[in-house]
Amino acid sequence: MKHSQSSPVFDALLTFLAKPELAQKTLVVAYSGGLDSQVLLHALSMLKSSNKISADIRAIHIHHGLSDNADSWQSFTGEQCAKLDIPYQAIKVDLSVQAGGGIEEKARNARYQAFAENTGVQDIIVTAHHQDDQTETFMLALKRGAGVLGLAAMQTLRDMPGVGLLGRPLLGINREQLQTFAEQHGLEWVEDESNQDTRFDRNFLRQQVLPLLQKRWPSFSASVNKSAALMGQTQQLLEELAQLDLGGTQLHQPIPLETFNQLAEHRQLNALRYRFKQLQLRMPEQKPLLEALQQLRIAAADKNPEIKCADAVLRRYQQKLYITRDYQDIQDWSATIDDLSTLSCNALCIELPDNAGKLALQEVVMNDMIDGENQTQPDVNNQLIVVADSSTITLSCHHQNPVCKPEGRSKSRALKKVLQERSIAPWMRRRLVFIYVDNIFAGVVGHFICEDFTLAANLAHNKRVINIKQE
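Just so you know, we're using this note's numbering here: the sequence shown kicks off at 1178 and counts up by one.
Structure follows, in structure tokens:
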């Protein structure tokens, strides 16, 4: 049976997919099997079948394990995709390992993580969020006292750091239009019983508040969506202003306080909120953020204050403001390599704790570095000379302030003084990886090698050259 493809749903999808940045993208439908995602999947399939769109389509179903019906929902979605000849993937997630306060936040985090792990740069994740969802999101943000960013609610298209491109093509379509589409095309769908539980704020709005508002003002949701779109435009202007006020500093660069402190308070707050967003850090409330700025301002000039704010830390060092996540103490970490012969064939990769990166160790043939046309010249700061196979390399985030002589220095000096001279920020000193050879301090990964262990000091000796690099 053929169906007319004159519908607000089809129109919304075609308008969305006409965006030039979506050319050649595979559409990955977030498919729960409920009314909204059922309409989205079937509408895309119909457009594909009628050659209105050329994009490949596949579906991912997330099994949260929260309902006794979760297994049957997975079976239903798999059967639907088989009928439509759409590639299907079901992913079961474990909410117990997810960060977040409530069950809704844990489930959302789990979904995003699953999508991030199962999509690539050639994909765009499309969800079936619609106009009424947008209204609920706006109202919840209003309840929290959110600013412009929160009230901008959901965007039609956004690049989510760590997840990828996320599209919501149905934000202009209301729930009634989706229901009409489903009934016209004879679609079946699953009903999640938790959507009736008004203990959840979103369900309370959906079941009890918004119907009253819609009855009084039928265009309420459409008006809220217009306001959200205007907030989105305002947020873009605020972010452009923040870029100017941050002085062109890049994402992980510090903010010069000499110019930043001259800004009015509201512009300082705007700039910091933008940087928090860039760094994917939880946005702090305004009061603690203001208090943190005040503490940074009044701290004595010879101090390096560190103030925790939400899940981040604001730090002042050498009259610059640094914003980082709240790092764990990793100074107890260490790793030992006692068989260096294994490094001659393959690189050894070591994962550092607290997302501090990775270490890669591999032997470099000395002749390749000093002879021939294709000379290999590793960074001397990531290079270590060790004796034969009998030596042991220990990598550690802890030190006892040994006296050392980095290459190029005329005199030896205590390690703490060397790190200070190199303007390494105090909190980063606690995350450095120190190198020991047979329990003798030999250098700091990414910063320097002690003179006795450099290539220049060992050219006349038959020793192994190990390249150590932090990624």
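Beta carbons are placed, not taken as given, at the ideal position from N, Cα and C, and that holds for glycine. These figures come from a predicted structure and were not determined experimentally.
Whole-angstrom distance between residue j and residue i, CA atom to CA atom
i, j, result
"M1331", "L1561", "51 Å"
"A1259", "A1448", "49 Å"
"K1593", "V1340", "40 Å"
"Q1647", "A1291", "28 Å"
"V1650", "L1334", "Only positions 1178 to 1648 of the chain appear in the structure, and residue 1650 is not among them; the question remains open."
"N1551", "V1542", "With a pLDDT of 44 at N1551, under the threshold of 50, the modelled position of that residue is not reliable, and the figure given next carries that caveat. Their backbone Cα atoms lie some 12 Å apart in a straight line."
"T1203", "L1466", "41 Å"
"P1346", "G1211", "17 Å"
"G1620", "C1627", "5 Å"
"A1266", "A1200", "According to the sequence displayed, residue 1266 carries Gln and not Ala. If I take the Cα positions, the gap works out to 23 Å."
"L1191", "G1363", "22 Å"
"T1553", "I1280", "For T1553, the predicted structure reports a pLDDT of 47, less than 50, and the residue's modelled location is therefore unreliable. A value from the coordinates is still provided. Roughly 53 Å between the two C-alpha positions."
"M1178", "G1344", "Its pLDDT being 43, under 50, M1178 is placed unreliably by the model, and nothing is read from it."
"D1336", "F1397", "29 Å"
"A1359", "A1189", "15 Å"
"L1390", "I1500", "42 Å"
"Q1410", "R1321", "21 Å"
"N1402", "E1313", "10 Å"
"T1254", "D1213", "13 Å"
"P1185", "H1219", "14 Å"
"F1618", "K1640", "18 Å"
"G1549", "L1418", "With a pLDDT of only 45 at G1549, under 50, the local geometry of the prediction cannot be trusted, and no value is derived from it."
"Q1354", "L1348", "12 Å"
"L1491", "F1611", "26 Å"
"D1143", "P1338", "With the chain covering only 1178 through 1648, there is no way to say anything about residue 1143."
"P1461", "A1323", "11 Å"
"E1198", "L1446", "32 Å"
"A1650", "L1423", "This structure cannot speak to residue 1650, because the chain is shown only from 1178 to 1648."
"S1183", "T1375", "36 Å"
"K1283", "A1293", "15 Å"
"L1221", "I1234", "8 Å"
Test item: CB-CB of residue i and residue j under 8 Å
i, j, result
"N1286", "I1268", "no"
"T1304", "A1207", "yes"
"H1306", "R1352", "no"
"S1244", "E1370", "yes"
"D1488", "R1502", "yes"
"K1485", "L1434", "no"
"L1473", "R1459", "no"
"L1317", "R1383", "no"
"Q1455", "L1428", "yes"
"H1241", "V1270", "yes"
"I1514", "L1529", "no"
"Q1412", "V1325", "yes"
"Y1504", "R1586", "no"
"V1563", "I1645", "no"
"A1405", "A1329", "yes"
"I1570", "V1614", "yes"
"L1194", "A1232", "yes"
Beta bridge counterpart(s) of residue i as assigned by DSSP
i, result
"S1511", "S1573"
"K1139", "Residue numbering for the chain in the displayed model covers 1178 to 1648; residue 1139 lies beyond these limits and cannot be assessed."
"D1300", "T1203"
"Y1289", "DSSP lists no partner for Y1289."
"A1267", "H1238"
"R1459", "Paired residue(s): none; R1459 is not in a bridge."
"T1501", "V1490"
"T1525", "The displayed chain sequence assigns Leu, not Thr, to residue 1525. Looking at the DSSP assignment, L1525 forms a beta bridge with L1538."
"C1627", "P1583"
"F1611", "S1573, V1621"
"L1194", "None, per the DSSP bridge assignment."
"P1433", "K1497"
| request: Any chance you could list the beta strand (DSSP E) runs of at least 3 consecutive residues sitting entirely within the segment 1463-1497, in chain order? | output: If only complete runs of 3 or more residues are kept, the segment 1463-1497 shows the beta strand (DSSP E) at 1483-1486, 1489-1494, in order along the chain.
| message | Quick test of the definition: if touching needs 3 or more C-beta pairs under 8 Å, does the segment 1495-1515 touch the segment 1527-1534? | response | The segment 1495-1515 is in contact with the segment 1527-1534.
| query | Taking only runs of the beta strand (DSSP E) that begin and end inside the segment 1304-1387, which ones reach a length of at least 3 residues, in chain order? | reply | Look at the segment 1304-1387 and you find these whole runs of beta strand (DSSP E), each 3 residues long or longer: 1334-1337, 1341-1344.
| Can you list, in chain order, the stretches of the beta strand (DSSP E) that have 3 or more residues and sit fully within the segment 1574-1607? | Counting whole runs of 3 or more residues, the segment 1574-1607 contains no beta strand (DSSP E) stretch at all.
| message | Restricting to runs no shorter than 3 residues, where is the beta strand (DSSP E) found entirely within the segment 1388-1426? | response | List check, beta strand (DSSP E) in window: nothing returned.
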